[in-house]
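Residue numbers (the numbering used here), protein chains in the order written: chain A, 4 to 303; chain B, 50 to 562. Every residue, glycine too, gets a C-beta built ideally from N, C-alpha and C. Just so we're clear, the structure is a prediction, and the values are computed from it rather than from any experiment.
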Amino acid sequence: MQHPTSYKFRLAYFLFFVLVFIVGIPILIFYSAGYKFDETFNLSIRGGIYVYTPEPNTSVFIGNELKNTSGFFNKEILVGSLKPDQYTVLTTNEDFWPWTKIVIVRRGEVEAIFPFLVPKVVVAEEIKANTSEYRDILEVFAEKSTLLSAVNSKKDTQTTSRVATSSTPVLETITRRQVEVWLDGSTLFARWLGRDEAAPNYYCHIVIDPNNILREDEECSDPIQVFKSSVPIHTFDFYPYRDDAIIVALDNGIYAIESDFRSYQNFYPLFRGEKPDFRVYKNQVYVKDGAYVAVLNLNN
Amino acid sequence: MDVNVPRKPFHIGRASELTGSDRVLYRFFEILPGALAWTTILGCILLSFYAPLYAAFFIIAFDFYWLLKTVYLSTYLRRNWKRMRHNQALDWTKMLENVKADHVYHLILLPFYKEGIDIVEKCLRSLEASHYDKKRFLVVLATEERAGEEAQTVARTVVEQYLGVFGDISITVHPKDLPGEMAGKGSNIAYAIEEARKSLIDARAIPYGDIIVSAFDIDTVSYPYYFACVTWHFLTSEYPYRTSFQPVPLYNNNMWDAPALSRVVATSGTFWQMIQQERPEKLATFSSHSVSFKALYEIGYWQKNMVSEDSRIFWNAFLAYDGDYVVTPISYPISLDANLAPKFWQTVVNIYKQQRRWGWGVENVPYILFGLVKNKKIPLHKKFRMAFTQLEGFWSLATNPLLIFALSWLPLIIGGPAFNTTVLSYNLPVVTRNLMILAMCGLVFSAIVSMSFLPKRPTNRKKGSFVFMVLQWALIPITITIFGSIPGLEAQTRLMFGKYMGFWVTPKHQKTS
């Protein structure tokens with residue numbers, strides 16, 4: 004005949020767990036908040052970099068050191084325990100152009116970055132003339148260009164007019180989610196329309212203070228200059244699914260450029276032609292160069 | 050221990066049965082459990098919104114507490130499992146040879162509503178198969194008038210079959226709509242036991258102190274040595290009239306037929322009872338159990354005006370005997386039915402309703418707290434321990450799974466962009482996930498223990514069915530939230546707002562192969 008667990012044992016066992024809890028909690032909380040011991044055993048708060056890589060097999064390097072490679076399921080890479088400092092992030096993928104950015108890691112904060120990956124070879128799939136699709140796309144192109152088009156067009160991006168600040172009397176503005184982009188002369192500007200605390204860093208005037216845990220007293224609503232062209236910009240629109248990258252049609256080609264103008268601002272060719280134009284329609288990029296019409300495959 | 054006649058039975062069901070300041074106090078205690086649960090949940094939501102940093106700290110601390118609690122409790126589960134297997138292997142009739150047991154009678158109450166004849170027969174067959182002198186069994190089939198003539202026919206048919214097998218087998222018919230009563234098991238067995246006292250016990254002049262009463266659910270299947278085991282504990286107990294004898298309820302009568310959801314919920318209930326068996330001072334009577342007739346008679350039997358009569362009878366005794374009343378965990382099993390209805394969704398609904406009814410055990414909290422305030426003889430430390438155990442238990446039931454599985458993401462969702470850039474916000478899901486994975490490792494042990502309870506595999510079940518009996522434990526996060534936390538919270542909210550619940554009879558259904 005066995006008896007239930009003795010009270011003495013239970014009390015000792017309970018107190019042991021209380022002790023584990025008391026000791027474990029500060030360790031867990033400090034660890035979770037980003038505290039680490041440095042080489043001299045001083046406790047210091049660290050930061051991190053979060054990289055979202057939509058394409059599998061993308062390698063993430065921080066300061067020339069490979070940190071991780073994304074897979075089909077793990078598209079999020081978090082590099083923690085980084086000392087507050089400036090880091091060069093590089094993403095590479097054999098099918099896409101390398102993407103690099105210098106980011107600042109601050110105490111207790113994670114810098115989230117979403118690499119703008121553009122295929123090295125953008126295949127233009129021609130749409131044959133005299134097909135219904137061809138006629139539909141021509142209709143889209145027949146609408147005024149981005150620079151002149153009106154609200155409620157067939158295009159994905161909402162377009163409005165704004166008062167000029169310089170030489171052009173009426174400027175066209177495109178808006179996606181919380182971002183507004185417009186062209187003034189041959190310079191593209193962008194502005195954050197949302198709450199300051201939700202703004203990507205490059206929209207904000209931040210005094211870089213690595214000791215700041217949270218951003219405060221920032222101004223993130225002033226326009227930023229995204230791109231200044233030496234040749235005329237004929238058409239511009241948001242890159243499909245993104246509000247941080249713009250497609251522009253210049254004289255001899257179509258290019259994609261990210262809004263983040265900090266070093267390095269990544270700039271990629273999408274299509275070369277005589278005098279090509281483009282439209283973003285149903286999250287596809289259609290190009291037209293003379294009678295030639297094609298859809299760009301940006302997913303590789 | 051004081052063994053004099055107890056104080057007057059205190060059979061309050063709800064605040065409205067009291068007047069003046071007593072009514073206000075009782076009502077306050079009715080509100081308390083729900084208020085604690087909702088304060089925790091709303092507090093978490095508000096904290097996540099206004100101070101997500103502190104909400105995240107709280108969540109991490111709480112998850113760590115949960116992990117330690119899981120490890121801590123699983124130790125008791127393992128110890129009780131070992132003890133129960135040991136007790137099952139014992140020959141309790143031989144154990145009884147060392148004590149004088151010939152004078153002990155067993156009054157077995159089988160409350161019966163509209164269950165099928167097969168369920169009643171199964172229960173009686175198990176009594177017949179007991180390794181005990183059946184002439185010392187006084188079996189009472191406690192029927193309900195409100196169940197109609199068909200139920201009476203079933204009762205008569207069964208009783209005729211078993212005439213002569215036991216010392217006595219009889220039927221009581223609980224009249225419907227008696228004043229001051231709530232329809233349910235409590236009022237039925239309270240009526241039945243008083244009828245039995247007059248017609249069986251007094252008629253045979255059996256001393257009240259020689260009778261052990263087993264109040265079973267009708268689907269209870271007793272194991273062969275159950276009555277010998279209870280008798281041994283009764284006879285060797287220092288204070289046999291100040292204790293109830295609690296077996297471990299295994300819901301394995303129909304384990305091979307019940308869906309995985311039902312099996313996990315039912316077995317989780319078994320595990321909780323096993324854990325409590327190792328911590329007797331936290332144990333109250335539950336479901337089918339045994340108790341001396343003398344104690345029952347002195348405290349006025351079961352309450353007739355409330356739902357959770359199985360646990361309330363312990364608290365009735367505890368308060369009536371000024372805190373000198375305990376539960377003796379016998380670590381010997383009895384079998385009951387897991388929830389099973391002809392259709393899956395009906396089973397799901399029944400599981401929820403049954404869990405809500407068990408969650409309605411929270412109606413004991415105001416009764417206990419009120420009784421502890423009013424009783425000046427119970428030592429203060431005992432009062433605090435009892436009050437804390439009850440409040441913490443019901444608070445945990447209603448809030449812990451919600452905090453773990455539903456609210457732990459809140460700071461990330463409503464904490465705002467400033468919080469979402471912090472290292473803490475990125476580490477929160479990783480740390481909580483890892484803590485939960487560690488906690489869930491305990492499920493492997495749960496699966497092993499549950500397999501040991503499985504009855505023999507029926508011939509119509511494939512060997513591969515065992516795999517599902519293991520994999521089913523992955524459902525735990527769902528079951529403890531949807532069939533633990535939410536019905537518990539609903540019951541507490543009802544009590545808080547004075548929307549009192551009635552007795553809901555769990556439908557018993559058994560598949561025929």
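Asked: Report the rounded CA-to-CA distance for K131(A) versus I236(A), giving the unit in angstroms.; Found: 27 Å
Asked: For M304(B) and chain A, any beta-carbon pair shorter than 7 Å?; Found: no
Asked: Which first and last residues belong to the beta strand (DSSP E) in which L69(A) is found?; Found: E68 to T72
Asked: What residue range does the alpha helix (DSSP H) around W281(B) cover?; Found: Y275 to T285
Asked: Are the C-beta of S35(A) and some C-beta of chain B separated by less than 7 Å?; Found: yes
Asked: Just checking my contact of V356(B) with G233(B) at CB under 8 Å: how many whole Å lie between their CB atoms?; Found: 6 Å
Asked: Which residues in chain B sit within 8 Å of Y16(A), going by Cβ to Cβ distance?; Found: Y121 and T124
Asked: My output table needs one value for S175(B): the three-state DSSP class, helix, strand or coil.; Found: helix
Asked: Consider the Cβ of A127(A): report whether some Cβ of chain B lies at a distance smaller than 7 Å.; Found: no
Asked: When you compare only the Cα positions, how much space is there between T221(B) and E244(B)?; Found: 7 Å
Asked: Would you kindly work out how many angstroms separate the C-alpha atoms of F76(A) and Y55(A), rounded to a whole number?; Found: 12 Å
Asked: Is there a Cβ from chain A that is less than 7 Å from the Cβ of L440(B)?; Found: no
Asked: If we call anything under 7 Å between Cβ atoms a contact, is T396(B) one with A390(B)?; Found: yes
Asked: What residue range is occupied by the uninterrupted beta strand (DSSP E) comprising L191(A)?; Found: T190 to W195
Asked: With DSSP collapsed to three states, give me the class of A245(B).; Found: helix
Asked: Over the uninterrupted alpha helix (DSSP H) stretch that includes T269(B), give me the two end residues.; Found: Unbroken run through T269(B): none, as it is neither H nor E.
Asked: Can you list, in chain order, the residues of its chain whose CB lies under 6 Å from that of D112(B), leaving out five sequence neighbours each side?; Found: T481 and L484
Asked: Quick one: give me the first and last residue of the beta strand (DSSP E) that K426(B) is part of.; Found: Careful: K426(B) lies outside any beta strand (DSSP E) and carries neither H nor E.
Asked: Report the residue from N300(A), N302(A) and A252(A) whose alpha carbon sits nearest the alpha carbon of D280(A).; Found: A252(A)
Asked: Which of helix, strand or coil does DSSP assign to E114(A)?; Found: strand
Asked: I242(B) to F19(A), Cα distance in whole Å?; Found: 47 Å
Asked: If I follow the unbroken beta strand (DSSP E) through K39(A), where does it start and stop?; Found: Y38 to F40
Asked: Using only the alpha-carbon positions, how far apart do N133(A) and F144(A) sit?; Found: 16 Å
Asked: Should K548(B) go down as buried or exposed, given a rule of 16 or more other Cβ atoms within 10 Å for buried?; Found: exposed
Asked: Hey, is T396(B)'s beta-carbon within less than 7 Å of any beta-carbon in chain A?; Found: no
Asked: Are the segment 103-122 of chain A and the segment 259-275 of chain A touching by the rule of at least three beta carbon pairs closer than 8 Å?; Found: yes
Asked: How is the beta strand (DSSP E) around K511(B) delimited, first residue to last?; Found: Note, K511(B): premise wrong, no beta strand (DSSP E); not H, not E.
Asked: According to a CB-to-CB cut-off of less than 7 Å, which residues of the segment 342-357 of chain B neighbour chain A?; Found: none
Asked: 7 Å is my cut-off, CB to CB: does V7(A) come that close to chain B?; Found: It is Pro, not Val, that sits at residue 7(A) in the sequence shown. So yes, P7(A) belongs to the interface.
Asked: If we cut at 7 Å on Cβ distances, does L301(A) have a partner in chain B?; Found: no
Asked: Quick one: which chain B residues come within Cβ less than 8 Å of R194(A)?; Found: Ordered by position in chain B, no residue passes the 8 Å Cβ test against R194(A), which lies about 18 Å from the chain.
Asked: Going by beta carbon distance, what residues of the same chain come within less than 7 Å of W409(B), once the five residues before and after it are set aside?; Found: V356, S357, A540 and M550
Asked: Here's the rule I'm using: 16 or more other beta-carbon atoms within 10 Å means buried, otherwise exposed. How should Q89(A) be labelled?; Found: exposed
Asked: Give the residues of chain B in contact with I107(A), contact being defined as C-beta atoms less than 8 Å apart.; Found: By Cβ distance, chain B contributes nothing, its closest Cβ being about 12 Å from I107(A), past 8 Å.
Asked: Identify the continuous alpha helix (DSSP H) that holds G69(B) and give its terminal residues.; Found: G69 to Y99
Asked: Is DSSP giving A105(B) helix, strand or coil here?; Found: helix
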